[in-house]
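S.K.:
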Amino acid sequence: MVESFDSQRSRYASLGVVESLPGALIDSIWLIIDLDLKGVIPLTNMLYFDLIDNGGKVTIHFSQEISDVQMAVDLPFPYYEEYPSQVFAFDDGNKETILLPAEMLE
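With the numbering used here, letter number 67 in the sequence shown gets 67, and the count goes up by one each step, no holes.
So, in C-alpha cells, the structure goes:
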C-alpha cells in the first residue's frame, strides 16, 4: 500500500492558496506534514488545516477524517484577517496540493 504524503512526490499550492498566504506559511504546512505528522500517525489523503489568530500570530490546527488525533502548531508569522480560515492538503497518489476548500469543488 502506498502511503499518503510522501515528500518525494511533486508538491504544489493552488492559485487561491498562493494568492492568499505567504510562501513561508505554505512551506510551514509542508514541514508540519513531514516533521510532525508523517510516520507519527496514519494519514489519509486529505488533511485539514485551520488557520487561527493566536494573539496576532498564526496557529495551524491539524485534523483529518476518521481520526480523533488533532494537533496545533504555533508559528512566528503574523496573522491577517484576509487569510483563509482553512486549507486542505490533498494527495491524489501522484502529486500533493495545498488548496482552499472552494477549490476542491472545481
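Note that beta-carbon positions come from the ideal geometry of N, C-alpha and C, so glycine has one too.
Could you check where the beta strand (DSSP E) with residue 109 kicks off and where it finishes?
M.R.: With the chain running from 1 to 106 in the structure shown, residue 109 is simply not present.
S.K.: Anyone know if the C-beta pair for residue 91 and residue 4 falls short of 8 Å?
M.R.: yes
S.K.: Three-state secondary structure (DSSP) at residue 60?
M.R.: strand
S.K.: Compare the C-alpha of residue 102 against each of 7, 15, 57 and 60 and name the closest.
M.R.: Among 7, 15, 57 and 60, the Cα nearest to that of residue 102 is on 15.
S.K.: Give me, in chain order, the residues of the same chain whose beta-carbon lies closer than 7 Å to that of residue 50; leave out the 5 immediate sequence neighbours on both sides.
M.R.: The beta carbon of residue 50 sits closer than 7 Å to those of 61, 85 and 86, all from its chain and outside the five residues before and after it, given in chain order.
S.K.: How would you write the range of the alpha helix (DSSP H) that residue 17 sits in, first residue to last?
M.R.: 15-20
S.K.: Could you say which of 53, 48, 24 and 52 lies nearest to residue 69 if we only look at CA atoms?
M.R.: 48
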